[in-house]
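Novice: Right, I'll just put the structure down here and ask away after.
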Amino acid sequence: MNQAYEKLLRCYESFKSRIDFKPEVALILGSGLGDYGESIQIEAVLDYHDIEGFPVSTVPGHKGRFLFGYVGEVPVVIMQGRVHYYEGYAMEDVVLPTRLMKMMGARVLFLTNAAGGVNYDFAAGDFMMITDQISNFVPSPLIGPNIDELGLRFSDMSEIYDKDLREILRSTARELDIPLKEGVYVQLTGPNFETPSEVKMCRILGGDAVGMSTACEAVAANHMGMKICGISCISNLGCGMTDEPLSHEEVQETADRVAPLFKELITASIIRIGKMLEKEKKGE
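For the sequence shown, UniProt numbering begins at 1 and goes up steadily by one.
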């Protein structure tokens, strides 16, 4: 059996031995956005350290645990802290949590992150719905022997971010009167911030925001047949676009400032996504 799949199964058995809960939606919280998890109806908590072989986040502000509970009536699993490629983990470990949440039962992956804006029309504090991505600068999580139990060898990427979910995010933001930009997310390796020339490169390639996560998780989720949506919190403009130096503290400060609007948008969107999934179950 594939070693990565064996490890995933061990993590799943470790989860099953501790938690009796089946989520419909999986939500990954980015830097500075982790407090959202405290606002839901929590039914159970599982620390990453308590899952056999599970990679543990080392980033400040990432709590490193799964929360299981309800947003409205929608059963969710929330990652408070993700694992990044720049922490030194193999890419198969970086996406292991995403694969595990699918095995838990999640049908939708809702990705969030703090990102640098490379589009001059963006400002710190903006929200950007991810419409597509560029992940060529990090290894694909699908490199190596295909895990046939998870998905096909050659994964179609024509619509990573589900159009129905995008319309839910778009209409929800509109009804809440929350401005929502749209654009392409570029994942680079990090942990260093981008140079002015790298920011310019991302813009030339068609990127609107750049970060150090998310795209690889979307590839793994897409491979497994999950529906995916994502929102970036634009924490700063990219290097060279302003005179200010970049820092992780700035990322967290911006996320903290816009957290109330973020919580409102995420909550309303998940409730609508839950209604969509319920209709799908009934075959409507």
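Even for Gly, the Cβ is constructed at its ideal location relative to N, Cα and C.
Every value quoted in this text rests on a predicted model; they were computed, and no experiment measured them.
Do you know offhand how far F252's Cα is from G283's?
Specialist: To locate residue 252, count along the sequence shown from 1; it is residue 252. To locate residue 283, count along the sequence shown from 1; it is residue 283. In the sequence on display, residue 252 carries Gln and not Phe. One C-alpha to the other measures close to 42 Å.
Novice: For residue 287, which residues from the same chain have a beta carbon less than 7 Å from its beta carbon, with the 5 sequence-adjacent residues on both sides left out?
Specialist: Residue coverage of the chain in this structure runs from 1 to 284, which leaves residue 287 outside it and unanswerable.
Novice: Taking 7 Å as the limit between beta carbons, can you name the residues of its chain near I271, skipping five residues before and five after?
Specialist: What you label residue 271 is simply residue 271 of the sequence shown in a count that begins at 1. Closer than 7 Å at Cβ, skipping near neighbours: V71, G72, V74.
Novice: What beta strand (DSSP E) runs, 3 residues minimum, are completely inside the stretch 202-275?
Specialist: Counting only runs of 3 or more, we get 209-211, 227-237.
Novice: Taking L261 as the reference, give the member of D35, G88, L152 with the closest Cα.
Specialist: Taking the first residue of the sequence shown as 1, we reach residue 261 at position 261. Nearest C-alpha to L261: D35.
Novice: Report the start-end ranges of each alpha helix (DSSP H) in the stretch 67-120 that is 4 residues or longer and not cut off at the edges.
Specialist: 91-94, 96-104, all fully within the stretch 67-120.
Novice: If you follow the alpha helix (DSSP H) that F154 is part of, which residue opens it and which one closes it?
Specialist: Along the sequence shown, one-based indexing puts residue 154 at 154. No alpha helix (DSSP H) contains F154, which DSSP labels as neither H nor E.
Novice: Which runs of the beta strand (DSSP E) at least 3 residues long sit entirely within the stretch 6-46? Give them in chain order.
Specialist: You should have 25-29.
Novice: Checking the sheet assignment: what are the DSSP bridge partners for G53?
Specialist: Residue numbering aside, residue 53 sits at position 53 when the sequence shown is read from its first letter. Answer by DSSP bridge pairing: none, since G53 is not bridged.
Novice: With a Cβ-Cβ cutoff of 8 Å, do T214 and N113 count as a contact?
Specialist: Looking up residue 214 in the sequence shown gives position 214. Looking up residue 113 in the sequence shown gives position 113. It is a contact, given that the beta carbons lie within the stated cut-off.
Novice: Does the beta-carbon distance from V184 to D132 come in below 8 Å?
Specialist: Translated into positions along the sequence shown, residue 184 becomes position 184. Translated into positions along the sequence shown, residue 132 becomes position 132. Yes, the pair counts as a contact, with Cβ atoms nearer than the cut-off.
Novice: Please list the terminal residues of the continuous alpha helix (DSSP H) segment that includes T172.
Specialist: Translated into positions along the sequence shown, residue 172 becomes position 172. Looking at the DSSP string, the run of the alpha helix (DSSP H) that includes T172 is 163-176.
Novice: Please say whether C11 and G64 have beta carbons closer to each other than 8 Å?
Specialist: As a first step, residue 64 is located in the sequence shown; it is residue number 64 there, counting from the start. As a first step, residue 11 is located in the sequence shown; it is residue number 11 there, counting from the start. In this structure, C11 does not lie closer than 8 Å to G64 by Cβ.
Novice: Flag this pair as yes or no: are the beta carbons of residue 293 and Y85 separated by less than 8 Å?
Specialist: With the chain running from 1 to 284 in the structure shown, residue 293 is simply not present.
Novice: Out of E87, G88, I40, point me to the one whose CA is closest to M79's CA.
Specialist: Position 79 of the sequence shown holds residue 79. When each option's Cα is compared against that of M79, the closest is I40.
Novice: So the beta strand (DSSP E) D132 belongs to, where does it begin and stop?
Specialist: As a working note, residue 132 is residue 132 in the sequence shown. Residues 127-134.
Novice: Give the DSSP-derived three-state secondary structure of K181 in the structure shown.
Specialist: What you label residue 181 is simply residue 181 of the sequence shown in a count that begins at 1. Looking at K181 - three-state DSSP - the assignment turns out to be strand.
Novice: How should residue 289 be labelled, buried or exposed, when 16 other C-beta atoms within 10 angstroms of its C-beta is the threshold for buried?
Specialist: Outside the displayed range of the chain (1 to 284) lies residue 289, so it cannot be described from this structure.
Novice: So, do the stretch 225-234 and the stretch 135-146 have three or more beta carbon pairs nearer to each other than 8 Å?
Specialist: The stretch 225-234, when compared against the stretch 135-146, does not touch it at the 8 Å Cβ threshold.
Novice: Measure from the alpha carbon of P55 to the alpha carbon of each residue in L100, A255, Y89, T172, then state which is nearest.
Specialist: Your numbering for residue 55 matches position 55 in the sequence shown. Checking every option, the nearest Cα to that of P55 belongs to Y89.
Novice: Would you mind stating whether M224 and P191 have Cβ atoms separated by less than 8 Å?
Specialist: Walking along the sequence shown from the start, residue 224 turns up at place 224. Walking along the sequence shown from the start, residue 191 turns up at place 191. No, the pair does not count as a contact, with Cβ atoms beyond the cut-off.
Novice: With a threshold of 16 other CB atoms inside 10 Å of the CB of Y48, please say whether the residue is buried or exposed.
Specialist: Within the sequence shown, the letter at position 48 stands for residue 48. Its Cβ being crowded by 16 or more others within 10 Å, Y48 is buried.
Novice: For E38, tell me which candidate among L9, F66, D20, L180 has the shortest Cα-Cα distance.
Specialist: As a first step, residue 38 is located in the sequence shown; it is residue number 38 there, counting from the start. Closest option to E38, Cα to Cα, is F66.
Novice: What did DSSP end up calling V186 once you bin it into helix, strand or coil?
Specialist: Numbered from 1 along the sequence shown, position 186 holds the residue referred to as residue 186. Reduced to three states, the DSSP call for V186 is strand.
Novice: Is it true that the CB of A209 sits closer than 8 Å to the CB of G116?
Specialist: Position 116 of the sequence shown, counting from 1, holds the residue named residue 116. Position 209 of the sequence shown, counting from 1, holds the residue named residue 209. Yes, they are a contact pair.
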